[in-house]
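Reading through the structure tokens given below for one structure.
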Ligand SMILES: NC(=O)c1ccc[n+]([C@@H]2O[C@H](COP(=O)([O-])OP(=O)(O)OC[C@H]3O[C@@H](n4cnc5c(N)ncnc54)[C@H](OP(=O)(O)O)[C@@H]3O)[C@@H](O)[C@H]2O)c1
């Protein structure tokens, strides 16, 4: 199964200058809690701008750059075949951004873990394709700076 995990603001803003627009401790804690020991998939830009190393997770990095090598991750050269291959797996794959990876993966994801950040931030990157009509909410928790929701895709 493919899922995506994201934090976005009221206009689906997710990033600025290669980083997150905010530092929200509870959101980082939830990200860790949800992804520890699991498969995570992210674009090269997001991976290379991580403030610190993500440990105890199987990391897949999407990259077109043939010169890019990293022994600590599995590199995905072609995202769509990877998504098609794993969409029906029992194991869950967490799509962790950034924007280009979310956009391509969105139609294949059956579950979503979203932190709806309450305040609007200055951003240069947006998620852009999330539509509430595609999903129903299975879990909701309110925090000071965001509302955390888990959602499952509606059957067509
Ligand atoms: N708020 C959140 O939850 C959250 C989560 C993650 C990231 N972010 C933010 O999002 C921003 C980064 O997003 P981004 O869209 O710029 O970068 P990205 O999605 O992290 O990475 C883009 C990279 O992936 C490659 N790529 C994309 N599609 C590919 C495909 N189909 N096959 C092979 N390679 C592919 C691109 O290569 P080409 O350039 O050759 O196309 C590029 O090197 C940052 O600001 C980050 O902090 C926010």
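Numbering (the numbering used here), first residue to last: 11 to 166.
Ideal placement from N, C-alpha and C gives every residue a C-beta, glycine not left out.
What you are looking at is a predicted structure, and each value in this text was computed from that prediction instead of being measured.
Under the three-state reduction of DSSP output, residue 109 falls in the helix class. Cβ contact annotation for residue 148 (same chain, cutoff 7 Å, sequence separation greater than five): 160, 161, 162, in chain order. Per DSSP, the continuous alpha helix (DSSP H) segment holding residue 35 begins and ends at 35-45. At a cut-off of 6 Å, the beta-carbon of residue 111 counts as near ligand 1: some heavy atom of the ligand is closer than that. In this structure, the C-beta of residue 54 approaches ligand 1 to less than 6 Å from one of its heavy atoms. Of the other Cβ atoms in all chains shown, 16 or more fall within 10 Å of the Cβ of residue 25; this residue is therefore buried. For residue 70, same chain residues with a beta-carbon under 6 Å away, outside a window of 5 residues either side, are 51, 84, 86 in chain order. Beyond the five residues adjoining it in sequence on each side, residue 89 comes within less than 6 Å, by CB distance, of 72, 114 in the same chain, given in chain order. Within 6 Å of the C-beta of residue 135 there is at least one heavy atom belonging to ligand 1.
The nearest non-hydrogen atom of ligand 1 is 6 Å or more from the C-beta of residue 138.
In this structure, the CA atom of residue 43 is about 14 Å from the CA atom of residue 34. Proximity of the beta carbon of residue 93 to ligand 1 is not indicated: no heavy atom of the ligand is located closer than 6 Å. Taking residue 151 as the centre and dropping the five residues before and after it, the same chain places the C-beta of 158 closer than 6 Å to its C-beta, in chain order. The beta carbon of residue 44 sits no closer than 6 Å to any heavy atom of ligand 1. Note on residue 14: 16 or more other CB atoms within 10 angstroms of its CB, so buried under the neighbour-count rule.
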